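**Student:**
In our numbering, the protein residues as written are 60 to 193.
(1) What's the gap between the Cα of residue 111 and the Cα of residue 120?
(2) With residue 187 as the anchor, note down where its alpha helix (DSSP H) starts and where it stops.
(3) With a 10 Å radius around its C-beta and 16 neighbouring C-beta atoms as the bar for buried, classify residue 77 as buried or exposed.
(4) Can you tell me whether residue 90 is helix, strand or coil according to DSSP?
(5) To the nearest angstrom, report how far apart residue 80 and residue 134 are at their CA atoms.
(6) Could you give the C-beta distance for residue 70 and residue 97, rounded to a whole number, given that I count them as a contact under 8 Å?
(7) Measure the alpha-carbon distance for residue 109 versus residue 129 and round it to whole angstroms.
(8) With a threshold of 16 other CB atoms inside 10 Å of the CB of residue 89, please say whether the residue is buried or exposed.
(9) Per DSSP, which one or two residues make a beta bridge with residue 78?
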């Protein structure tokens with residue numbers, strides 16, 4: 060259970076289970092405070108998602124069968140501008156090989172900057188104004 064920038068509750072759910080020898084996944088984003096004991100009843104013949112949607116309405120509980128759609132939904136709710144924060148989180152949780160710290164920070168923590176492009180346009184406009192003034 061988390062809260063977004065507007066202090067609204069957001070619950071993220073990832074359920075994984077084996078069925079027929081294969082790993083199955085279900086992802087939920089709920090704009091409500093949910094807990095397993097009270098709201099999620101797995102013994103209901105696989106109908107637990109439908110029961111949640113009936114109880115809270117589709118606009119409150121969204122379910123996804125693929126992680127990218129799930130990630131996009133909660134990134135939007137939390138106001139994340141890109142997936143860099145999520146990438147950083149996943150890498151720090153896994154802490155595989157860190158390698159070059161500078162490269163890690165550039166790749167995973169910093170957004171691409173357009174400052175140089177904006178500066179070049181500003182300079183060109185300034186030079187145009189100077190030429191027009193003369």
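Ideal Cβ placement from N, Cα and C applies to all residues, glycine included.
Since the structure is predicted, the reported quantities are computational estimates derived from the model, not experimental observations.
**Tutor:** Walking through what the data contain:
(1) 7 Å
(2) Residue 187 -> alpha helix (DSSP H) spans 174–192.
(3) exposed
(4) coil
(5) Residue 80 and residue 134: Cα-Cα distance of roughly 32 Å.
(6) Not a contact, Cβ separation roughly 11 Å.
(7) 17 Å
(8) buried
(9) 81
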